[in-house]
Amino acid sequence: MGTLSLYVSGIGFGFGFGFGFGFGFGFGFGFGFGFGFGFGFGFGFGFGFGFGFTGQQTTQHHS
């Protein structure tokens with residue numbers, strides 16, 4: 916009886932640990948990658964557009 920409960924708890928622990936680790940790692944990696952990519956793209960695009968726009972305006976003002 917003790918061996919069976921240990922076996923069942925071992926399966927439950929393994930399943931819970933595997934599921935929790937897999938879900939947490941997958942969610943964290945996906946969220947982190949998506950957030951990092953979105954932030955980097957948005958910041959880079961906004962900075963590039965803003966810099967290019969101000970650069971165009973300054974050149975237009977000079978000429």
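Counting from 916, one number per residue, gives the positions in the sequence shown under this note's numbering. By construction, the Cβ of each residue, glycine as well, lies at the ideal position given by its N, Cα and C atoms.
Residue i to residue j span [Cα, whole Å]
| i | j | result |
| --- | --- | --- |
| Phe-968 | Gly-939 | 42 Å |
| Phe-948 | Tyr-922 | 38 Å |
| Gly-941 | Gln-971 | 43 Å |
| Gly-945 | Phe-966 | 31 Å |
| Gly-958 | Gly-943 | Residue identity differs from the one stated: residue 958 is Phe in this sequence, not Gly. Rounded to the nearest angstrom, the two C-alpha atoms are 21 Å apart. |
| Phe-934 | Phe-954 | 29 Å |
Short CB-CB distance (under 8 Å) between residue i and chain D
| i | result |
| --- | --- |
| Gly-967 | Looking at the structure shown, chain D is missing, and only one protein chain is on hand. |
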